[in-house]
Each structure stands twice: as structure tokens, then as C-alpha cells.
Amino acid sequence: MLILAADIEVLARFGRALADPIRCRILLALRQAPAYPADLADTLEISRTRLSNHLACLRDCGLVVTVPDGRRTRYELADERLGHALDDLRTAVVAVEADRTCIDSDEKGCC
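Read left to right, the sequence shown gives residues 2 to 112 (the working numbering).
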């Protein structure tokens, strides 16, 4: 099986985006519907500055795009398949988590 460096980079970028809970919350919110930064900040109860930094990271990762809307800018997922990928990943992790067999997982947090 040939694994391309580009494939690894894509997955690493996705992993970096998901590594922060706020970015996860942003992606899940945008999975529901496109949103304006001020509305996202209010919904997620974070400062606009903090939200802006996370949105910049998600843009750099290629996961969200900006859409001009008059004098405002709206954010949305770069591709609708990302929403499906988030759902699939969440479902898979929940299924695996329910099937944990490591006896030390609660004490050590290893699994």
C-alpha cells in the first residue's frame, strides 16, 4: 500500500484542527450552518479575538472558507463532505470508546 506524503499532510492538518476543543466547537457549529464571526463568538461564549485566531487556523488548514456578504464576512466549511467526515469520526470514536478493553484506562487515561 502506497502512502503519499500529501495524504499524511492532509490528515495531520485535520488532526491539528481537531486538537483544540474550541476549533472542534467551531467546526461542529459550522457543520450546522454558515455563520458570522460575531454570532459564532456569542454562541460559543468566547471573545471575538480568540475566535478570530481559531478561525485563522481553520482557514490555514483549509477547513473553512470566508464568503463575502455585503460588508460582512460569513464562515462556512470549505466542503460539505467535512461535515460528514466530522459525523463519521465522532461516531467511530464513540463506538471505539464504548468498546474499550484497557483495564487501566480510567486510572491512567491511556485509552
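C-beta atoms are modelled at their ideal positions from N, C-alpha and C, and glycine is treated no differently.
Indicate whether residue i and residue j have their beta-carbon atoms separated by less than 9 Å.
i: S29; j: L41; result: In the sequence on display, residue 29 carries Leu and not Ser. Against a cut-off of 9 Å, the Cβ pair of L41 and L29 comes out as no contact.
i: A193; j: L90; result: Given that the chain is displayed from residue 2 to residue 112, the structure contains no residue 193 and the question cannot be resolved.
i: L45; j: Y76; result: no
i: R24; j: L59; result: yes
i: A96; j: C62; result: no
i: R32; j: G84; result: yes
i: A34; j: R49; result: no
Measuring straight from C-alpha to C-alpha, what distance separates residue i and residue j?
i: T92; j: E10; result: 23 Å
i: I68; j: T74; result: It should be pointed out that residue 68 corresponds to Val in this sequence rather than to Ile. Roughly 6 Å separates the two Cα atoms.
i: P36; j: D70; result: Reading off the sequence shown, one finds Ala at residue 36, where the question assumed Pro. Roughly 11 Å between the two C-alpha positions.
i: R98; j: P22; result: Looking at the sequence itself, residue 98 is Glu, so the reference to Arg does not match. Looking at the two C-alpha atoms, the distance is approximately 18 Å.
i: N54; j: I47; result: 11 Å
Quick one: what's residue i bridged to in DSSP?
i: A36; result: Y76
Where does the unbroken alpha helix (DSSP H) through residue i begin, and where does it stop?
i: D88; result: 81-99
i: L56; result: 49-61
Taking its Cβ as the centre, do 16 or more other Cβ atoms sit within 10 Å of residue i, making it buried, or is it exposed?
i: L5; result: exposed
i: L87; result: buried
Where does the unbroken beta strand (DSSP E) through residue i begin, and where does it stop?
i: D70; result: 65-70
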